[in-house]
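Counting with mature numbering (1 follows the signal peptide of the UniProt record, and there is no 0), you get residues -22 to -1, 1 to 305 for the letters of the sequence shown.
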Amino acid sequence: MTFLKATLGASVLALIAATAQASEVKIAMNGVDDPETNAEAAFAHGFADALEGSEFDVSIFPSGTLGSEDERFDQVAQGLVEVNLATVSTTYGMSPLVKGVALPFFFADNEEFDAIINDTAILEEMNAPLVENGVRIVAFNYIGSSIGIHNAKKPIATVEDMSDLRFRALNKEQLAFQEALGATGTIVAWSEVANAIQTGVADGYFNAPNSAIRTGHTDFLTHFTPAGISPSTRVALISEDWYANLSDEEKAEIDAAIDAGIEANRAWVADWSVSVREKHEGLGVTYTELAEGEREKMADLSETVWESTMTAEDLAAWKDAKATVTE
């Protein structure tokens, strides 16, 4: 009887521990936990607020405290982190189709991108190889308005204006795009960007207009061109094993929290977009619009990048998805 009680007691403790673990939701991200300045933090808090009063206990781990982009991706795949707000490129190795998210000048605007993700099968196709490895894309966050051109040297209004500039590239795909536009590029980790620009290793970067404000880079990036290159996307990943083991009721709560996070993120971007130019100019940054016809010229040059960074089959899948929402 004593042995039975002990066994039952151990089982109860194990059940309690498992329940407590199941209710914990860790959100990892590389940005600061400030919903006022960080659009990903807006998603994180929208997600967390939606789960208040539920059995889930949400904790936010900002500023890379749970590791680098690659480390956090591995943690999600292993079920050690439930939600990870990550750079889109961390998924490329497992799902090359995701590269379509960053195709320059492929999407007319954020609304078209959202329609493709929400109203076609492309997200399911991107997820197919990821879920086999314990990861699922559940949303795309915007970190600001569409990507433009930041630089420390001069106004940019034409393709030719970039010919003597060297830009920081996020990855080889962005490097190929910069070279297609006639500029040069160099791959630099985000943590090294400020030093690279201040020491002349790079003259600027392609990013959302608010990125330089959020990071304090406006002290040396004194020019911005709103080129509308692509949506400024990052990705929200969840642990597939964790999610699969939730009850139907719990899954519904998590799904609703994801929707709330997306809504908070989009609201943040809509609010920020109204004032971002004024904020830039208040910090001494010169805004330069592209000259007539230059965006179309950039878009034409970009098509070679689409073909070099994606397989013909994957590019066709994106074109088919786009045609579905633009017909």
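Just so it is clear, CB atoms sit at the ideal spot from N, CA and C, and this is done for glycine as well.
Bear in mind that the values here come from a model prediction, so they are computed numbers and not experimental data.
What does DSSP give as the partner residue(s) for residue i in the beta ladder?
i           : result
Asp237      : According to DSSP, Asp237 bridges with nothing at all.
His120      : Looking at the sequence itself, residue 120 is Tyr, so the reference to His does not match. Partner(s): Thr211.
residue 320 : Residue 320 falls outside the range modelled here, since the chain spans only -22 to 305, and no answer is possible.
Met276      : Looking at the DSSP assignment, Met276 forms no beta bridge with any residue, so it has no partner.
Asn223      : According to DSSP, Asn223 bridges with nothing at all.
His23       : In the DSSP output, where bridge partners are listed per residue, His23 has none listed.
Compare the beta carbon distance of residue i and residue j with 8 Å and say whether it is the shorter of the two.
i      : j      : result
Thr266 : Ala135 : yes
Asp51  : Ser1   : A small correction: the amino acid at residue 51 is Phe; Asp does not occupy that position in the sequence shown. No. Outside cutoff.
Thr69  : Leu44  : no
Ala242 : Gly24  : yes
Leu143 : Thr196 : no
Glu285 : Leu279 : no
Gly122 : Ala147 : no
Val61  : Val3   : yes
In chain order, what residues of the same chain have a beta carbon less than 6 Å from the beta carbon of residue i, not counting five sequence neighbours either side?
i           : result
residue 307 : The requested residue 307 does not occur in the structure, where the chain is confined to residues -22 to 305.
Ile38       : Ile5, Asp11, Ala22
Thr15       : Arg192
Asn149      : Ser67
Ile236      : Val116, Ala117
Ser141      : Gly160
Gly78       : Trp296
What residues in its chain sit with their C-beta under 8 Å from that of residue i, if we drop five residues either side in the sequence?
i      : result
Glu49  : none
Gly126 : Phe184, Asn185, Ala186, Pro187, Phe202, Thr203, Pro204, Ala205, Gly206, Ile207
Ala19  : Met7, Gly9, Val10, Asp11, Asp12, Pro13, Ile38, Pro40
Gly112 : Val54, Ala55, Gln56, Gly57, Ser217, Glu218, Asp219
Val283 : Leu81, Pro82, Glu151, Ala154, Phe155, Ala158
Asp139 : Lys132, Pro133
Pop quiz: residue i and residue j are said to be a contact at Cβ under 8 Å. What is the actual Cβ separation, rounded to whole angstroms?
i      : j      : result
Glu76  : Val66  : Correcting the residue type first, residue 76 is Val in the shown sequence and not Glu. Rounded, the Cβ-Cβ distance is 6 Å, consistent with contact.
Thr177 : Ala130 : Not a contact, Cβ separation roughly 11 Å.
Ala64  : Glu89  : Not quite, the Cβ-Cβ distance comes to about 23 Å (not below 8 Å), so this is no contact.
Does chain C have any CB closer than 8 Å to the CB of residue i?
i     : result
Gln53 : In the structure shown, chain C does not exist; there is a single protein chain.
Suppose the cutoff is 7 Å on Cβ atoms and the five residues either side in sequence are ignored; what does the same chain contact list for residue i look like?
i     : result
Ala28 : Ala234, Ala235, Ala238
Quick one: complete beta strand (DSSP E) runs, 3+ long, within the segment 154 to 199? 162 to 165, 182 to 185
May I have a chain-ordered list of the alpha helix (DSSP H) segments no shorter than 4 residues that lie completely inside the segment 47 to 125? 47 to 55, 88 to 97, 100 to 109
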